[in-house]
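> Chains as they are written, first to last, in the working numbering: chain E, 1 to 198; chain X, 1001 to 1562.
1. I'd like the list of long-range same chain contacts for residue 1054 (chain X), defined as Cβ closer than 7 Å, with 5 residues on each side in sequence excluded.
2. Please confirm whether residue 73 (chain E) has its beta-carbon closer than 9 Å to some beta-carbon of chain X.
3. Measuring only between beta-carbons, confirm whether residue 168 (chain E) sits less than 9 Å from chain X.
4. Report the residues of the segment 1032-1044 of chain X with a CB closer than 8 Å to any CB of chain E, ordered along the chain.
5. Roughly how many angstroms separate the alpha carbons of residue 140 (chain E) and residue 1070 (chain X), rounded to a whole number?
6. Quick one: list the residues of chain E neighbouring residue 1315 (chain X), beta-carbon separation under 7 Å, in chain order.
7. Which residue marks the beginning of the beta strand (DSSP E) containing residue 1201 (chain X), and which one marks its end?
8. Of all the alpha helix (DSSP H) runs that stay within the bounds of the segment 1052-1110 of chain X, which reach a length of 4 or more residues?
9. Given that a residue counts as buried once 16 or more other Cβ atoms are within 10 Å of its Cβ, and exposed if not, what is residue 1551 (chain X)?
10. Check for me: the beta strand (DSSP E) holding residue 1210 (chain X) runs from which residue to which?
11. Would you mind telling me which residues of chain X sit closer than 9 Å to residue 120 (chain E), beta carbon to beta carbon, in chain order?
12. Candidates X:1466, X:1210, X:1271: which alpha carbon is nearest residue 1363 (chain X)'s?
13. Would you call residue 1341 (chain X) buried or exposed, if buried means 16 or more other Cβ atoms sit within 10 Å of its Cβ?
14. For residue 184 (chain E), report the span of its beta strand (DSSP E) as first-last.
15. Measure from the alpha carbon of residue 1122 (chain X) to the alpha carbon of each residue in X:1194, X:1296, X:1081, then state which is nearest.
16. Look at the alpha carbon of residue 1289 (chain X) and the alpha carbon of residue 1338 (chain X), and state the distance between them as a whole number of angstroms.
17. Tell me, please, whether the CB atom of residue 1 (chain E) is closer than 9 Å to any CB atom in chain X?
18. Is residue 1232 (chain X) closer than 9 Å to residue 1131 (chain X) when the C-beta atoms are compared?
19. What's the C-alpha gap between residue 1104 (chain X) and residue 1524 (chain X)?
20. Name the chain X residues that come within less than 8 Å of residue 162 (chain E), Cβ to Cβ?
21. Please confirm whether residue 102 (chain E) has its beta-carbon closer than 9 Å to some beta-carbon of chain X.
22. Give me the subset of the segment 1526-1559 of chain X whose CB atoms are less than 8 Å from a CB atom of chain E, sorted by chain position.
23. If residue 1230 (chain X) and residue 1139 (chain X) are in contact, beta carbons under 8 Å, what's the gap, nearest whole angstrom?
24. Determine whether the Cβ of residue 1154 (chain X) lies closer than 9 Å to any Cβ atom of chain E.
25. In whole angstroms, give me the CA-to-CA distance for residue 56 (chain E) and residue 133 (chain E).
26. For residue 1050 (chain X), I'd like the list of residues in its chain whose CB is within less than 7 Å of its CB, leaving aside the five on either flank, ordered along the chain.
27. Would you say residue 1388 (chain X) touches the ligand MN, meaning its beta carbon is less than 8 Å from a heavy atom?
28. For residue 1009 (chain X), which residues does DSSP report across the bridge?
29. Does the Cβ of residue 1020 (chain X) have 16 or more other Cβ atoms within 10 Å, making it buried, or fewer, making it exposed?
30. Verify whether the separation of the beta carbon atoms of residue 1376 (chain X) and residue 1265 (chain X) is less than 9 Å.
31. Leaving out five residues before and five after residue 1519 (chain X) in sequence, what residues of the same chain have Cβ atoms less than 7 Å from its Cβ?
32. Identify, in the order they occur along the chain, each residue of the same chain with its Cβ nearer than 6 Å to the Cβ of residue 1417 (chain X), setting aside the five sequence neighbours on each side.
33. Determine, for residue 180 (chain E), whether the minimum Cβ-Cβ distance to residues of chain X falls below 9 Å.
34. Identify the residues that DSSP records as bridge partners of residue 1247 (chain X): which are they?
35. Nearest-angstrom Cα distance between residue 1443 (chain X) and residue 1304 (chain X)?
36. Sort X:1036, X:1560, X:1125, X:1091 by Cα distance to residue 1078 (chain X) and report the nearest one.
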């Protein structure tokens, strides 16, 4: 018993040092030296390409209606991952989904609200645009989600639909290696490209 | 097409891993590789032990329990002292006692159930020193226990079954650390964050918003989370967040890492007992069940969400609620099945928002005892427990004393196997019954109707099987759920592991009976079928009434919302 206790304490300290700190520090060192941009959060001048933002003006393509979407608690100062107040379940400042079940009345009501929201903007929404994501700040939409928003952006900015269509095409990331995951458009990158265009 | 290729590449990669990692692990545990001797030897000196000092199963189990208890205390104390420890750029305070107990139980048992949101609760010191450490240690304990049971079959008339400290050290340094480190580099290269610099403030001049973005040493924790079938992520939304799981490649790699050790251990088993065919028979059980679960779960997730359909939106991209655009519906379902058929519990989507049948696929993956292929080590020993029961039933049918790999399966072995198979369902069902009977339990679910019941059932099934995934709507951070969850996890871990160790000890002591014409074959299709039958009957019949009250009712209530 005492032998086991002594060995356990020694082993626990060895593990704390090797598998906690040495592992994490060496990993951080490798990341910071070789992949500085990725290791720090893929930041651009306007935000992180991996964290969705709230795009409320019709002049820009919108992301999915996450915490940072039209229902964000405070669209001016949304913390990444505050929860959608209509369906709030987590604490503000955390990533997270609505966690509403497939036969939830709340989900049904929310989805109908979102459909109305898009119709007001002149957009015929796709499923992605009326459902929230798993992280709560999905930075991406599918190319189809962007294409249905073209009338809204054209009306607000005057950029011709054909130009926007070409822009979306140029910003579409295909499935990785042609088969992993879905093809998507990063909303921040798309809007940065749109800003350069106009 | 993409989904098809995802599966094909995963099968090829895992096939190679089965063969080569499997035989490497056998070499590690048979003490045949020594290239890290310079690390090993000083550790053995510090521990005052050596590979020659073998232990009986009781001493082995004793060492394991004391070490686990010490790990529990270390983990708990770090969380309680968090406010006074360094590496806390967000100045987060101490974690409360009930939550610390639940979290410590959760990480030492390889469950990684999380009643907290990582980015708003845990300092970098806690994430690294408390949680990541246990993500290495707890799978190593599981693998060690599985190896004991394997040695039970491979040794003859042996009073001892190995040395716990040596098995742990070798597993950690030779298997887990190298794979995790290489995979970690790939994750960070793909975009997983790895920094100690704290949160970052963003203000976007284009749309006029500001954001505070949580960061941390995420990427390297992420890979050991998957490789060790742990599942507890750095951030609240786990692998759904782009900082943990940025691309299609990392999503694929996550599934590959989760499956690699549990799958390869069936080869290790075959190799160590001297019959690869026996290992392949177990792998066949895994492939058939896992394949069926992937098929119906991804089919279900490829259907539209009922609430979205009722709001008048048709979908060709399946159920998108709670899913990330970059992964898509079917790959997300594949991830879900991977995570819940092992003891991982990581999530690249909100499982709570899966369709009723999709959610049932996840729930029942756990209810079968997580043997398809199950957690690191835990999967193999639980699968062997089922195989022993299958042998016993086969033996009854042909009227002979059952044997498995030449070892007679007698009353003691059957009692231990029965105990190992029944502890989990009993704990899960009784605790679920308690939770739905008391007001504090019923206060937990977010969703109303049958889905609310599913949330409670899912939570206790997940903790009882040391999975750790959740129907996240349940508010679990209450004293009631923290404590019954903590108990559930400890029962689910040690209620199966100790019988498995005892089985290993009792089998190792036996001699091998020579095979004869009348011996029930345990490496053919008949045996595979019988084992699948036993798994489905124990998992299916025990839990069928509970499942019918949750996902099945939900699926059948057409046009009704709760």
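Just so it is clear, CB atoms sit at the ideal spot from N, CA and C, and this is done for glycine as well. The model shown is predicted, which means the values in this text are computed figures rather than measured ones.
This is what the structure holds:
1. 1160, 1162, 1163
2. At residue 73 (chain E), the pLDDT of 38 sits below 50, so the modelled position is not reliable; the number obtained from the coordinates is stated separately. No, its Cβ sits nowhere closer than 9 Å to a Cβ of chain X.
3. no
4. 1043
5. 44 Å
6. 127
7. Boundaries of the beta strand (DSSP E) harbouring residue 1201 (chain X): 1200-1204, taken from the DSSP string.
8. 1057-1081, 1097-1108
9. By the neighbour-count criterion, in which 16 or more other beta carbons inside 10 Å mark a residue as buried, residue 1551 (chain X) falls on the buried side.
10. 1209-1213
11. Chain X residues near residue 120 (chain E): none, gap ~15 Å exceeds 9 Å.
12. X:1466
13. Here residue 1341 (chain X) is buried, its C-beta having at least 16 other C-beta atoms within 10 Å.
14. Looking at the DSSP string, the run of the beta strand (DSSP E) that includes residue 184 (chain E) is 184-186.
15. Selected option, being the one with the closest Cα: X:1081.
16. Rounded to whole angstroms, residue 1289 (chain X) to residue 1338 (chain X) spans 12 Å at the Cα level.
17. yes
18. yes
19. Taking the straight line from one Cα to the other gives about 42 Å.
20. Ordered by position in chain X, no residue passes the 8 Å Cβ test against residue 162 (chain E), which lies about 23 Å from the chain.
21. With 9 Å as the cut-off, residue 102 (chain E) counts as an interface residue toward chain X.
22. 1554, 1557
23. 7 Å
24. Residue 1154 (chain X) does not count as touching chain E.
25. 18 Å
26. 1044
27. Annotation note on the ligand MN: not contained in the displayed structure, which lists no ligands.
28. Residue pairing for residue 1009 (chain X): DSSP places it in no beta bridge.
29. Counting the other Cβ atoms within 10 Å of the Cβ of residue 1020 (chain X) gives fewer than 16, which makes it exposed.
30. Yes, these two residues count as a Cβ contact at 9 Å.
31. 1403
32. 1385, 1388, 1389, listed in sequence order.
33. yes
34. For residue 1247 (chain X), which the question treats as bridged, DSSP gives no partner whatsoever.
35. 29 Å
36. Of the listed residues, the one whose Cα sits closest to residue 1078 (chain X) is X:1125.
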